[in-house]
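Peer 1: Quick one: the structure is below, and I'll ask about it shortly.
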Amino acid sequence: MRNRFFQLICFFAAVVTLFTACEKNELKTTEVNKLTSNEAQVKVMFASFYRSNPRIYIKINDQLVSSTLTTFTPFPGGGLNTGGGSTADYLRVAAGQNSFAVAIPKFGTNVDSLQLANVQHTVTAGKKYSLYFADTSAATTSLLVEDSLIAPDSGYAKYKFVNMMPDVAAGLDLYIGTVKVASAIPYKGVSPSFVLPTNNASTTWAIRVAGGTTNLVTYAGTTASISNQRVYTVIARGYNAITSTSTAEPRRRLVSLIYNQ
């Protein structure tokens, strides 16, 4: 009996060890991403850049959902070469049509001083979306993109490319190192998804005018910053005509990676 009891203890210990090992490379989902049957998820990226770089906040259906934000901060969540954190969080919204507004608040209040954008978009229950804004004033526009819920195989990360740079008529090519991974993506265009090894030989992303040979701008990440089985969006933002590289110029052209999963 004593031997039998010892064998049972060993068996359960082995099971616990096995499950712990299996979970090491498993991507965790935060509580904010757990939905009811009539909810969807939305992340907002305000890439509508003004020289004054005003503080803004986000409202959904006239309800304030964010703190005040500056420059380029995926909300909620974060990314690489962005503001925000290191999570892939989304906001829960009711399925169907929702209004999304971005405004500059009156100082020290939650009252709008100037509304910069207000759009209506329809979302489907159980799906995950990113909402992008770009350009300014009367040209301000938005793009709603459905994000992947499926992680790649272990050892890989998955990406798509979104072009939110208004002033490149020919579209953009996206490179990692010397390898082109997306071709001639127009303004407000989205590339097909692609996967790369997490230990890819190059970590430097670059955009070029479609068919061109000169990098407009690069972003040098690191292998350590790319996680196993994570899903990212690579975004081109700002204005090609703004050639300044100063961090004081929020309208400058940049490449960023956003956490989707």
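Those letters in the sequence shown? Residues -21 to -1, 1 to 240, per mature numbering (1 follows the signal peptide of the UniProt record, and there is no 0), in order.
Heads up, the beta-carbon is just placed ideally off N, CA and C, and yes, glycines get one too.
Determine whether the beta carbon atoms of Leu93 and Leu110 lie at a separation below 7 angstroms.
Peer 2: No, the Cβ-Cβ distance between Leu93 and Leu110 is not below 7 angstroms.
Peer 1: Whole angstroms is fine: what's the gap from Phe173's alpha carbon to Met24's?
Peer 2: One Cα belongs to Phe173, the other to Met24, and the distance between them is close to 21 angstroms.
Peer 1: Hey, Ile205 and Ser181: beta-carbon distance below 7 angstroms or not?
Peer 2: no
Peer 1: Look up Thr202 in the DSSP assignment and say whether it is helix, strand or coil.
Peer 2: Residue state, collapsed to three classes: helix.
Peer 1: Between residue 259 and Thr202, is the Cβ-Cβ spacing less than 7 angstroms?
Peer 2: Look at the range of the chain in this structure, -21 to 240, and you will see that residue 259 is not part of it.
Peer 1: Can you say whether Arg232 is buried or exposed, counting buried as having 16 or more other CB atoms within 10 angstroms of its CB?
Peer 2: buried
Peer 1: Rounded to whole angstroms, what's the CA-CA distance from Thr197 to Gly58? Just pull it up for me.
Peer 2: Roughly 16 angstroms separates the two Cα atoms.
Peer 1: Is it buried or exposed, Pro53, if we count other Cβ atoms within 10 angstroms and call 16 or more buried?
Peer 2: buried
Peer 1: In whole angstroms, what is the alpha-carbon distance linking Asn97 and Gln20?
Peer 2: Near 18 angstroms, if we compare the C-alpha coordinates of Gln20 and Asn97.
Peer 1: When you compare the CB positions of Pro145 and Ala113, do they come within less than 7 angstroms of one another, or not?
Peer 2: It is a contact, given that the beta carbons lie within the stated cut-off.
Peer 1: Can you give me the C-alpha to C-alpha distance between Val133 and Ile237, rounded to a whole angstrom?
Peer 2: The sequence shown places Ser at residue 133, not Val. Their backbone Cα atoms lie some 20 angstroms apart in a straight line.
Peer 1: Please work out which residues of its chain come closer than 8 angstroms, Cβ to Cβ, to Ala118, disregarding the five sequence neighbours upstream and downstream, and give them in chain order.
Peer 2: Pro145
Peer 1: Where Glu228 and Thr61 are concerned, what is the direct C-alpha to C-alpha distance, given to the nearest angstrom?
Peer 2: 14 angstroms
Peer 1: Thinking C-alpha only, which one of Val188, Ala136, Lys107 and Pro131 is nearest Glu125?
Peer 2: Lys107
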